[in-house]
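Participant: Take this structure first; my questions come after.
In my numbering, the protein residues as written are 2 to 78.
And the structure:
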C-alpha cells in the first residue's frame, strides 16, 4: 500500500525550493512536480514564512466570490 505527503524539495541546481507530492510505495519513492502550478521561493526561510501565512488563512472566515466578482465572507456552516 502506498502513502504520500507533501515535502519541501530543492531544485537540482539549488536555486529554489518547492512543494511536491511525494509517494512512498514499499522501497520505491516517486514524486509529482506541479512546478508551474505551485509557488516557488528562492530562500528556504521565505518558503517557511509563506507556508505559515497559508496556514493562518485557515483560521480566518472563508471568503467566496460573489456574482459581481467581489469577495464576500461566507456564512458559517
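C-beta atoms are modelled at their ideal positions from N, C-alpha and C, and glycine is treated no differently. Note that this is a predicted model, so its numbers are computed, not measured.
How would you write the range of the alpha helix (DSSP H) that residue 48 sits in, first residue to last?
Facilitator: It spans 45–58 - the alpha helix (DSSP H) in which residue 48 sits, taken as one unbroken run.
Participant: Since residue 8 and residue 23 should fall inside the 8 Å C-beta cutoff, what is the C-beta to C-beta distance between them, to a whole number of angstroms?
Facilitator: Between residue 23 and residue 8 the Cβ distance is about 4 Å, and since that is below 8 Å, they are a contact.
Participant: Apart from the five residues just before and just after residue 31, which ones in its own chain have a Cβ nearer than 6 Å to its Cβ?
Facilitator: Cβ neighbours of residue 31 beyond the five flanking positions: 24.
Participant: By the three-class DSSP mapping on this structure, what secondary structure does residue 17 have?
Facilitator: DSSP places residue 17 in coil when its eight states are reduced to three.
Participant: Go to residue 69, then tell me how far its beta strand (DSSP E) extends in each direction, as first and last residue.
Facilitator: It is not in any beta strand (DSSP E) - residue 69 carries neither H nor E in the DSSP assignment.
Participant: Helix, strand or coil for residue 31 per DSSP?
Facilitator: Of the three classes helix, strand and coil, the one that applies to residue 31 here is strand, per DSSP.
Participant: Expressed to the nearest angstrom, what Euclidean distance is found between the alpha-carbon atoms of residue 3 and residue 10?
Facilitator: Those two C-alpha atoms are separated by around 20 Å.
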